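**Student:**
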Amino acid sequence: IRQTFCSRCHMGEVEKAEIVQLGGGQKKGKSKKWKNYLQFPHYTECLYLRSEIDVSYGYVVEKQPIGKLLFEQFCSTDAQYAKAWTFLCKVEEYETSDDDGDVRRTLAKSIASLLSVENDAPCSSSDSLWCSFLSENSIQKFTSTANDASQESEPCSGIFFEAYKSVRSFLADCSFQKFLETHYFHRYLQWKWLEKRPVDKHTFRLYRVLGKGGFGEVCACQVRASGKMYALKKLEKKRVKKRHAETLSLNEKQILQKINSPFVVGLAYAYETKDALCLVLTLMNGGDLKFHLYNLIPGGFEEKRVQFYAAEITLGLQHLHKEHIIYRDLKPENILLDDYGHIRISDLGLAVELRDNEPIKGRVGTVGYMGESILKLFYCWLKYHWKVQPSPEVIKNERYSYGVDWWGLGCLIYEMIEGKAPFRQRKEKVKREEVERRVREDQEKYSDKFSESTRTLCRGLLHKEPGFRLGCRRVDKPEEGAEELKSHPFFVQGDVNTGREPIPWKKMEAGKLAPPFCPDPRAVYAKDVLDIEQFSTIKGVRLDATDNQFYGKFSTGSVSIPWQNEMIETECFQELNVMEVNGELVLDLRNDSIRGENGENLILLSSQCLSLMNVPSSICLLARNRFS
Numbered sequence: 001i002r003q004t005f006c007s008r009c010h011m012g013e014v015e016k017a018e019i020v021q022l023g024g025g026q027k028k029g030k031s032k033k034w035k036n037y038l039q040f041p042h043y044t045e046c047l048y049l050r051s052e053i054d055v056s057y058g059y060v061v062e063k064q065p066i067g068k069l070l071f072e073q074f075c076s077t078d079a080q081y082a083k084a085w086t087f088l089c090k091v092e093e094y095e096t097s098d099d100d101g102d103v104r105r106t107l108a109k110s111i112a113s114l115l116s117v118e119n120d121a122p123c124s125s126s127d128s129l130w131c132s133f134l135s136e137n138s139i140q141k142f143t144s145t146a147n148d149a150s151q152e153s154e155p156c157s158g159i160f161f162e163a164y165k166s167v168r169s170f171l172a173d174c175s176f177q178k179f180l181e182t183h184y185f186h187r188y189l190q191w192k193w194l195e196k197r198p199v200d201k202h203t204f205r206l207y208r209v210l211g212k213g214g215f216g217e218v219c220a221c222q223v224r225a226s227g228k229m230y231a232l233k234k235l236e237k238k239r240v241k242k243r244h245a246e247t248l249s250l251n252e253k254q255i256l257q258k259i260n261s262p263f264v265v266g267l268a269y270a271y272e273t274k275d276a277l278c279l280v281l282t283l284m285n286g287g288d289l290k291f292h293l294y295n296l297i298p299g300g301f302e303e304k305r306v307q308f309y310a311a312e313i314t315l316g317l318q319h320l321h322k323e324h325i326i327y328r329d330l331k332p333e334n335i336l337l338d339d340y341g342h343i344r345i346s347d348l349g350l351a352v353e354l355r356d357n358e359p360i361k362g363r364v365g366t367v368g369y370m371g372e373s374i375l376k377l378f379y380c381w382l383k384y385h386w387k388v389q390p391s392p393e394v395i396k397n398e399r400y401s402y403g404v405d406w407w408g409l410g411c412l413i414y415e416m417i418e419g420k421a422p423f424r425q426r427k428e429k430v431k432r433e434e435v436e437r438r439v440r441e442d443q444e445k446y447s448d449k450f451s452e453s454t455r456t457l458c459r460g461l462l463h464k465e466p467g468f469r470l471g472c473r474r475v476d477k478p479e480e481g482a483e484e485l486k487s488h489p490f491f492v493q494g495d496v497n498t499g500r501e502p503i504p505w506k507k508m509e510a511g512k513l514a515p516p517f518c519p520d521p522r523a524v525y526a527k528d529v530l531d532i533e534q535f536s537t538i539k540g541v542r543l544d545a546t547d548n549q550f551y552g553k554f555s556t557g558s559v560s561i562p563w564q565n566e567m568i569e570t571e572c573f574q575e576l577n578v579m580e581v582n583g584e585l586v587l588d589l590r591n592d593s594i595r596g597e598n599g600e601n602l603i604l605l606s607s608q609c610l611s612l613m614n615v616p617s618s619i620c621l622l623a624r625n626r627f628s
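The following block contains the structure:
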């Protein structure tokens, strides 16, 4: 959102800023001294990290964005490693192109050329490594599969699984072990060292207030080193302590840190100031669904748009459920849009992690979608969040599981189509007990706005018996209920009348499906900053040394994957990741360089350099031993 930030916000005093595009990008907003913030130490200062972090292929290459890029650079130095890596990338691209037959045929042809061996020979001298883990029969089999796929009108998915598994095993067992012995891995350790540095208020610039949370304000902030924009959620320490919400706050932080999903708001940093605990989160400039539904398009969205949002929410819930997490607070104001129109689930303060997939009991969350809280630490939520529909099992105080989220999704889909919630009119003055009675006893009503597929979807999700509810029928694997929804006609069948098309799930999960609505970058999809209510001053609460243990658990600094993505997206990685100059390794990667007091590389401990300096041999030996 392009706007001029106000000169004063409740997160601190800031000068009037120039027009800034929230979301940042490349060099915008970077400090003039940004390279000083991201200065690599000599790699020997980072070797201790090897014993503290996971150095497996599955973690470094497949889960760490910077690790993946560095391993790709390493593979490019060897023809056969490069060929194997290209094969994996082609297969992954093939799998995410499940809705485009032309693209898949082209990729299948490319994969076949990678697998082919000239003159039908088992392997040539240049292919020795490639053939060492793929037999001649395997190559012929995989090549035949690829050639067949390149001729089919609709190539199938999963046909390269066996070949992919073999090539991945080769890279993980052979090339990755060599990678660990190279300067590419040393550079990875240097990036990890930067990632683990302490984070405090000086890491960021603070801008205008964006909104209000349960324990403090939310404002825009910018990382000085990269220029990346985030949303800073402030939890005032005294307010948290007064409401006995330490467990609630730490629970939200730990769940956010655990989840890495493009459909759930991500946590990038967690730190503390003198007065507050701070969560630095994904900045969503497009507003929330409640604002769009009731301020911009009253009366409900078109079905194509509802389908897209429902599909992305389903993927977000699927990612949460796979980590055995129940969200428990699904409603329009908790679904946020980004600059491009994609959505993310936000506000995980009431989420809970199941142990051994065992159902839980307790009326927590938002009344209407979930129910009232019986615990003191949830009272602060009830003041704002009771005027929607809970699931029947929550109202009855029965044990529940992932089904409460599918009930919430049913309520949300209904509300997006009808323009009102299923068991309560918009702005209707009704007691909580009446809302709960309607949920238990009444059947929701469907107008002409609902197509046949949307009716069956909502009825399935809003079934009052959890065992018969859509998404809850897999008793053996309840966390995989999303697969039931993904095969529903609403998602897999098109509709000419409504413009709805089948959802290509793999393409959507890869972020390659264009949203039906893109927010206007000139618009502000939120309340005016002057309309945001201020918090009252907390009195009668004192912070003492006993609180520090909790603050220590909360303030853990940067979160690995979001931090690495930030370095890549803002081109910090591209600019700083120089490993060779004029064919020689840079000083911080060489074995014979030493550092000055300010961290700069001073000299090389070469025999020629030392002889010119007339350095005594005893000092030379001491220096070499120290830095080896």
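Using UniProt numbering, the letters of the sequence shown map in sequence onto residues 1 to 628. We treat Cβ as the ideally placed atom computed from N, Cα and C, and that holds for glycine. All figures in this text were calculated on a predicted structure; none of them were measured in a lab.
(1) What are the start and end residues of the beta strand (DSSP E) that includes Gln222?
(2) With a threshold of 8 Å, are at least 3 pairs of Cβ atoms found where one atom belongs to the region 321–336 and the other to the region 403–412?
(3) On the DSSP letters alone, give me the boundaries of the alpha helix (DSSP H) that Phe490 sits inside.
(4) Just checking my contact of Val60 with Phe74 at CB under 8 Å: how many whole Å lie between their CB atoms?
(5) For the beta strand (DSSP E) holding Glu246, just list the boundary residues, first then last.
(6) Report the CB separation of Tyr37 from Arg224 in whole angstroms; it is logged as a contact under 8 Å.
(7) Taking C-beta to C-beta, are Ile111 and Tyr188 nearer than 8 Å?
(8) Who are the Cβ neighbours of Lys109 in its own chain at under 6 Å, not counting the five residues just before and after it?
(9) As a quick exercise: from Glu312, Val280, Asp173 and Glu418, pick the residue whose alpha carbon is nearest that of Val509.
(10) What separation, rounded to the nearest whole angstrom, lies between the Cα atoms of Glu465 and Lys396?
(11) According to DSSP, simplified to helix, strand and coil, what is Asp347?
(12) Tell me whether the beta-carbon of Thr273 lies closer than 8 Å to the beta-carbon of Lys201.
(13) Indicate whether the contact test is met: 3 or more Cβ pairs, each with one atom in the region 337–350 and one in the region 499–515, closer than 8 Å.
(14) What residue from Cys156, Pro392 and Ser169 has the CA that sits closest to Arg438's CA?
(15) Rank Thr556, Ile568 and Val578 by C-alpha distance to the C-alpha of Arg197 and give the top, closest one.
(16) How big is the Cα-Cα spacing for Ser153 and Ile159?
(17) So does the region 295–313 actually touch the region 412–430, counting three or more Cβ pairs closer than 8 Å?
(18) Would you mind working out which of Met284, Pro562, Ser76 and Asn137 sits nearest Ala220, comparing C-alpha positions?
(19) Measuring only the C-alpha atoms, how far is Lys539 from Leu330?
(20) Return the first residue and the last residue of the beta strand (DSSP E) that Ala276 is part of.
(21) According to DSSP, is Glu428 helix, strand or coil?
(22) Buried or exposed for His244, please, with buried defined as at least 16 other CB atoms from any protein chain shown within 10 angstroms of its CB.
(23) Among residues of its own chain, excluding the 5 on either side of Phe185, which ones have a beta-carbon nearer than 7 Å to its beta-carbon?
(24) Just how far apart, CA to CA, sit Leu107 and Lys90?
(25) Kindly indicate which three-state DSSP category Val20 falls into: helix, strand or coil?
(26) Is the beta carbon of Arg104 sitting closer than 8 Å to the one on Pro155?
(27) Just the Cα atoms here: how many angstroms apart are Thr498 and Lys486?
(28) For the beta strand (DSSP E) containing Val209, list its first residue and its last residue.
(29) Could you compute how far the alpha carbon of Glu372 sits from the alpha carbon of Asp544?
(30) Strictly by DSSP, which residues pair up with Tyr271?
(31) Which of the three DSSP states, helix, strand or coil, is assigned to Met567?
(32) Taking buried to mean at least 16 other C-beta atoms within 10 Å of its own C-beta, is Ala231 buried or exposed?
(33) Leu576 by DSSP, collapsed to three states: which one?
(34) Quick check on DSSP: helix, strand or coil for Ser451?
(35) Rounded to the nearest angstrom, what separates Lys493 and Leu461 at their Cα positions?
(36) Label Pro298 either buried or exposed according to how many other C-beta atoms from any shown protein chain fall within 10 Å of its C-beta, with 16 as the threshold for buried.
**Tutor:** Considering the structure as presented:
(1) Gln222: member of the beta strand (DSSP E) spanning Glu217 to Val223, first to last residue.
(2) Result yes; three or more Cβ-Cβ pairs closer than 8 Å.
(3) Residues Pro489 to Val492.
(4) Not confirmed; about 11 Å, so no contact.
(5) Going by DSSP, Glu246 is part of no beta strand (DSSP E) but of the alpha helix (DSSP H) stretching over Glu246 to Lys258.
(6) With a beta-carbon spacing of about 7 Å, Tyr37 and Arg224 fall inside the 8 Å limit used to define contacts.
(7) No.
(8) Contacts found: Ser150.
(9) With the sequence shown as reference, residue 509 is identified as Glu, and Val is not the correct amino acid for it. Per the C-alpha coordinates, the member of Glu312, Val280, Asp173 and Glu418 positioned closest to Glu509 is Glu312.
(10) Looking at the two C-alpha atoms, the distance is approximately 12 Å.
(11) Secondary structure at Asp347: coil, using DSSP grouped into helix, strand and coil.
(12) Yes; because the gap between Cβ atoms is below 8 Å, this pair is in contact.
(13) Contact holds: three or more Cβ-Cβ distances are below 8 Å.
(14) Considering only alpha carbons, the answer is Pro392.
(15) Selected option, being the one with the closest Cα: Thr556.
(16) One C-alpha to the other measures close to 15 Å.
(17) Yes, the region 295–313 is in contact with the region 412–430.
(18) The option with the nearest alpha carbon to Ala220 is Met284.
(19) A direct Cα-to-Cα measurement between Lys539 and Leu330 gives close to 33 Å.
(20) Ala276 to Leu281 is the extent of the beta strand (DSSP E) around Ala276.
(21) Residue state, collapsed to three classes: coil.
(22) Exposed: under 16 other Cβ atoms inside 10 Å.
(23) Short of 7 Å from the beta carbon of Phe185, and not among the five residues preceding or following it, lie these beta carbons of its own chain, in chain order: Phe179.
(24) Straight-line Cα distance between these residues: approximately 7 Å.
(25) Only weak support exists for where Val20 lies, its pLDDT of 39 falling under 50; the coordinates are left without a value.
(26) Annotated as proximal: Arg104 and Pro155, with beta-carbon spacing under 8 Å.
(27) So the two alpha carbons sit approximately 19 Å from each other.
(28) That run of the beta strand (DSSP E) goes Phe204 to Lys212.
(29) Residue placement at Glu372 is flagged as unreliable, the pLDDT there being 32, under the threshold of 50; the coordinate-derived value follows with that caveat. Rounded to the nearest angstrom, the two C-alpha atoms are 32 Å apart.
(30) Paired residue(s): Cys278.
(31) The three-state secondary structure of Met567, taken from DSSP, is helix.
(32) Label assigned to Ala231: buried.
(33) DSSP places Leu576 in helix when its eight states are reduced to three.
(34) The answer is coil: DSSP assigns Ser451 none of H, G, I, E or B.
(35) Before going on, a small fix: residue 493 reads as Gln here, not Lys. Going by the C-alpha atoms only, they are around 18 Å apart.
(36) The residue in question, Pro298, is exposed, as its Cβ has fewer than 16 Cβ neighbours within 10 Å.
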